[in-house]
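Colleague: Under the numbering used here, residue 949 is the last one in the sequence shown; the count climbs by one each step, no gaps.
By construction, the Cβ of each residue, glycine as well, lies at the ideal position given by its N, Cα and C atoms.
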Amino acid sequence: MGNLCKRGAVYAKEEAQNPIRTVTSTVCISGALVRRCPVKTLRPIPKSLVFDAMRLLDDVRLVAPIEEGAVVVGDICGTGIPFVATRSMQES
Numbered sequence: 858m859g860n861l862c863k864r865g866a867v868y869a870k871e872e873a874q875n876p877i878r879t880v881t882s883t884v885c886i887s888g889a890l891v892r893r894c895p896v897k898t899l900r901p902i903p904k905s906l907v908f909d910a911m912r913l914l915d916d917v918r919l920v921a922p923i924e925e926g927a928v929v930v931g932d933i934c935g936t937g938i939p940f941v942a943t944r945s946m947q948e949s
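1. Quick one: Cα of V930 to Cα of Y868, how far?
2. What do you get for P911, buried or exposed, if any count of 16 or more other CB atoms within 10 angstroms of its CB means buried?
3. Suppose you measure from the CA of T943 to the CA of L899; what does that come to, to the nearest Å?
4. What is the rounded straight-line gap between the Cα of D915 and the Cα of A873?
5. Could you tell me the distance, in whole angstroms, from the CA atom of T883 to the CA atom of V928?
6. Which parts of the stretch 869–945 are runs of the beta strand (DSSP E), unbroken and 3 residues or longer, counting only runs that do not cross its ends?
Structure representation (structure tokens):
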């Protein structure tokens with residue numbers, strides 16, 4: 858029958874021409890009840906930059922307290938998109 862969903866067609870075209878991904882991970886945090894703080898990209902980044910973005914998190918060390926939405930890495934690979942904390946972490 859063919860492709861009848863216009864949103865699906867737009868998604869498929871964008872995915873083929875310029876795939877993007879939201880990246881989620883965790884970083885080390887000291888002084889909190891748990892040892893890892895969840896983070897994610899504020900917006901999707903080009904799929905080609907995902908591994909470079911993950912390497913940026915290797916050396917990140919946070920200190921509690923930290924609030925949800927706090928910028929963890931300010932600019933991912935020149936995109937202007939930051940990694941942000943996705944959970945508030947209080948001091949233990």
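Modeller: Looking at the coordinates:
1. 28 Å
2. Here residue 911 is Met; the residue named in the question, Pro, does not match the sequence. When all chains shown are included, M911 counts as exposed.
3. 10 Å
4. 30 Å
5. 13 Å
6. 881–887, 893–898, 918–920, 928–930 and 940–942
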